[in-house]
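Report on the following structure.
Residue numbers (our numbering): 16 to 424.
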């Protein structure tokens with residue numbers, strides 16, 4: 016796998032599959048029938064040293080297994096369960112394939128200071144992720160794959176209506192398999208910022224709630240994620256990655272000036288949440304030292320908890336952070352809060368739920384009242400399976416073409 020970070024290509028962190036022959040032949044990249052922005056797939060070689068089986072995010076939703084002949088560029092889908100088929104391993108004789116089958120389902124929960132046990136808000140057989148509450152009240156935005164592709168939807172507080180807000184179709188024809196995630200409302204509730212993974216890589220886009228064409232936050236060539244608005248709506252803070260260096264940055268909305276770097280000790284993977292305080296004075300993020308806050312004018316920065324938190328949101332008075340972190344036994348989730356000045360922690364509910372075995376066990380954490388919060392937590396089931404009979408014998412034509420290739424050599 017090769018990651019391109021050549022600035023002349025005007026793109027960042029784009030994964031490609033390459034074959035490096037051990038002889039004197041030059042390396043080459045087999046063609047794929049679809050794009051893989053920012054995705055480095057797991058793969059395994061067949062005993063013939065020519066074909067590979069790869070776990071690829073196509074078709075959506077999920078990740079599925081493809082067999083590719085690296086000499087003939089002929090990808091073939093061999094499994095599609097609707098879940099995540101990953102970590103393929105071909106047996107030495109090539110007749111069996113071991114894989115992990117993962118079923119991850121994100122549902123929305125409410126956590127309250129006075130009732131810390133999670134309460135289900137929205138749960139379906141598909142995913143509801145990245146909830147964010149509108150500052151004007153009455154509605155929330157969230158990411159879902161209920162149509163078979165990532166979309167951002169708007170939903171009323173009572174759940175009596177909901178509608179698509181941002182879909183891949185908003186970006187033109189053929190844009191059906193792009194990632195849309197991490198929505199963030201503007202302070203007036205009229206716009207939403209979010210991350211889109213398109214041909215140019217991970218970028219932050221803005222869309223009006225009332226409808227209209229999406230626009231990019233910046234034309235800067237960098238990886239961008241986790242947007243958060245300043246209280247006056249003039250700036251957006253976000254995670255930025257440039258040539259392998261990760262930082263917390265802020266960008267003036269609508270400006271063409273370069274972004275301002277606020278911190279360079281950010282934890283990149285998974286992308287750190289970013290939350291701008293309601294009073295505008297601080298921005299919270301995860302650093303190498305743990306949960307941290309930096310002043311919005313970049314004059315001070317300090318850690319407020321030794322652990323990075325999985326999700327967090329500010330109190331209305333900007334004095335505390337509420338959120339979810341890993342429990343002390345590393346097997347559960349803990350609902351907690353911390354005073355950002357003193358660093359004093361108050362655990363609200365220790366071990367309130369088993370820790371999901373997932374790269375992102377929690378996706379999103381937003382305050383909906385002075386004491387209540389909304390979050391999305393994964394339920395994961397993973398098993399190891401053996402697949403047989405997947406390797407179709409070559410046709411007469413395939414054998415004929417291969418014999419000609421052998422003779423030419």
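We put the CB at the ideal spot given by N, CA and C, even for glycine.
Under the three-state DSSP convention, the category residue i falls into
i           : result
residue 34  : strand
residue 331 : coil
residue 388 : strand
residue 18  : Note that residue 18 scores 46 on pLDDT, short of 50, meaning its location in the model is unreliable and no value can be drawn from it.
residue 183 : helix
residue 143 : strand
residue 126 : strand
residue 400 : strand
residue 97  : coil
residue 117 : strand
residue 301 : strand
residue 348 : strand
residue 229 : coil
residue 43  : strand
residue 268 : coil
residue 23  : With a pLDDT of 42 at residue 23, under the threshold of 50, the predicted position of this residue should be treated as unreliable, though the coordinate-derived value follows. If DSSP states are grouped into helix, strand and coil, residue 23 belongs with the helices.
residue 111 : strand
residue 322 : coil
residue 64  : coil
residue 73  : coil
residue 188 : coil
residue 339 : strand
residue 248 : coil
CB of residue i within 9 angstroms of CB of residue j, strictly
i           : j           : result
residue 386 : residue 379 : no
residue 230 : residue 381 : no
residue 194 : residue 180 : no
residue 59  : residue 105 : yes
residue 209 : residue 188 : no
residue 275 : residue 301 : no
residue 298 : residue 377 : no
residue 254 : residue 287 : yes
residue 132 : residue 330 : no
residue 83  : residue 90  : yes
residue 311 : residue 397 : no
residue 345 : residue 362 : no
Cβ separation of residue i and residue j, assumed to be a contact under 8 angstroms, to the nearest whole Å
i           : j           : result
residue 265 : residue 280 : Between residue 280 and residue 265 the Cβ distance is about 16 angstroms, and since that is not below 8 angstroms, they are no contact.
residue 373 : residue 196 : 15 angstroms between Cβ atoms; not a contact.
residue 352 : residue 292 : Between residue 292 and residue 352 the Cβ distance is about 14 angstroms, and since that is not below 8 angstroms, they are no contact.
residue 160 : residue 76  : 4 angstroms
residue 263 : residue 252 : 7 angstroms
residue 322 : residue 306 : 7 angstroms
residue 125 : residue 154 : With a Cβ gap of about 15 angstroms, residue 125 and residue 154 do not count as contacting.
residue 207 : residue 224 : 6 angstroms
Burial state of residue i (16 or more Cβ within 10 Å)
i           : result
residue 278 : buried
residue 44  : exposed
residue 368 : buried
residue 260 : exposed
residue 233 : buried
residue 217 : buried
residue 401 : exposed
residue 94  : buried
residue 348 : buried
residue 88  : exposed
residue 33  : exposed
residue 453 : The requested residue 453 does not occur in the structure, where the chain is confined to residues 16 to 424.
residue 144 : buried
residue 71  : buried
residue 420 : Bear in mind that the predicted position of residue 420 carries a pLDDT of just 46, short of 50, making it unreliable; the figure below should be weighed with that in mind. Per the 10 Å Cβ criterion, exposed.
residue 205 : exposed
residue 66  : buried
residue 338 : buried
residue 98  : buried
Beta-bridge partners of residue i, as assigned by DSSP
i           : result
residue 255 : 239 and 262
residue 219 : 210
residue 154 : 171
residue 310 : 297
residue 393 : 121
residue 316 : 309
Residue i CB to nearest heavy atom of the ligand MG below 8 angstroms
i           : result
residue 136 : As presented, the structure is devoid of all ligands, the ligand MG included, so that no description of it is given.
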